[in-house]
Ligand SMILES: NC(=O)c1ccc[n+]([C@@H]2O[C@H](COP(=O)([O-])OP(=O)(O)OC[C@H]3O[C@@H](n4cnc5c(N)ncnc54)[C@H](OP(=O)(O)O)[C@@H]3O)[C@@H](O)[C@H]2O)c1
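In this note's numbering, the protein residues as written are 3 to 246.
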């Protein structure tokens, strides 16, 4: 039987890179998609390919370009002819006041957080069905709890959450489609919405700390490998933040 394959978007750094390491450690071949982070992507792939030859391939693509979706699907088909896991992780995240929102902002935030994940699932659905695969969409607790000045991001993630439910019906029984809604996992790197990385924010979190990449990795692992009767579910990983 051939080796299982995971496709992870936005995977050169941070949460995506941690997921690449985890799937690789679990014996998967991995398609590591990135957009700008070529150096990180190449370093990570080289490190993992040194452990197991030809187990990670990198693919550069801006998911706002429609052709990117087909490029990813063709790469998986041509390289491994199978896909067991798709993690829609890539995401643009920044604040915009309503008065300042442009069509470019709409395209960037809705394109990366909703449109691209949808068409990537569509493009990989055939391969995912063949081996009873799983999709994990990385949502956000902001899909349910509006955050001021992040309307486009929140709207896109809310659509992503509904996509998770709707496509879990359409792709059953062969493919399970689940989501993870993180709270504060890592501070954003380009934080022009100053309140987001304010350490005081930790006080609003019952567990009083960031989740870290491990919190997402262990939930992905649970959904993929230990939750065979769960589909259409979105698990909050937020240290209890949304309970308050
Ligand atoms: N970090 C948190 O605390 C937190 C909280 C709630 C939800 N989340 C969600 O969890 C996921 C991972 O979070 P993160 O903080 O690790 O993400 P991140 O660093 O903000 O973004 C992940 C990657 O997305 C890629 N990306 C953005 N726009 C793209 C585009 N148009 N085309 C292709 N790739 C694009 C970037 O790739 P390049 O670097 O290669 O350009 C980036 O490295 C995201 O879906 C995020 O919304 C995170």
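Think of the CB as a built atom: it goes at the ideal place given N, C-alpha and C, for glycine as much as any other residue.
Asked	Found
Report buried or exposed for residue 60, applying the criterion of at least 16 other Cβ atoms within 10 angstroms of its Cβ.	buried
Using a Cβ-based criterion (distance less than 7 Å to any ligand heavy atom), does residue 57 qualify as near ligand 1?	no
Per DSSP, what kind of secondary structure is residue 54 in: helix, strand or coil?	coil
Indicate, with yes or no, if ligand 1 has a heavy atom lying under 7 Å from the CB of residue 66.	yes
Kindly list the residues whose CB is nearer than 7 Å to the CB of residue 114, restricted to its own chain and excluding five residues on each side of it in sequence; keep chain order.	65, 66, 92, 93, 94
Using DSSP bridges, identify the partner residues of residue 116.	Looking at the DSSP assignment, residue 116 forms no beta bridge with any residue, so it has no partner.
Report the three-state DSSP secondary structure of residue 59 (helix, strand or coil).	strand
Do residue 86 and residue 133 have their beta-carbon atoms positioned less than 8 Å apart in this structure?	yes
Cβ of residue 142 within 7 Å of any heavy atom in ligand 1?	yes
Would the beta-carbon of residue 33 fall within 8 Å of that of residue 43?	no
Count the C-beta pairs between the stretch 77-86 and the stretch 150-166 that are closer than 8 Å, then say yes if the count reaches three, no if not.	no
Quick check on residue 212: does DSSP put it in helix, strand or coil?	coil
Should residue 9 be listed as close to ligand 1, given that the test is whether its C-beta is under 7 Å from any heavy atom?	no
I need the boundaries of the alpha helix (DSSP H) containing residue 71, first residue and last residue.	68-81
Considering only residues of the same chain and omitting the five flanking positions on each side of residue 109, which have a CB-CB separation below 7 Å?	66
What are the boundary residues of the alpha helix (DSSP H) that includes residue 161?	153-173
Just to confirm before moving on: does the CB-CB distance between residue 241 and residue 209 stay below 8 Å?	yes
Can you name, in chain order, every residue of its own chain whose Cβ lies under 7 Å from the Cβ of residue 46, other than the five neighbours on each side?	14, 19, 22, 34
Quick check on residue 238: does DSSP put it in helix, strand or coil?	strand
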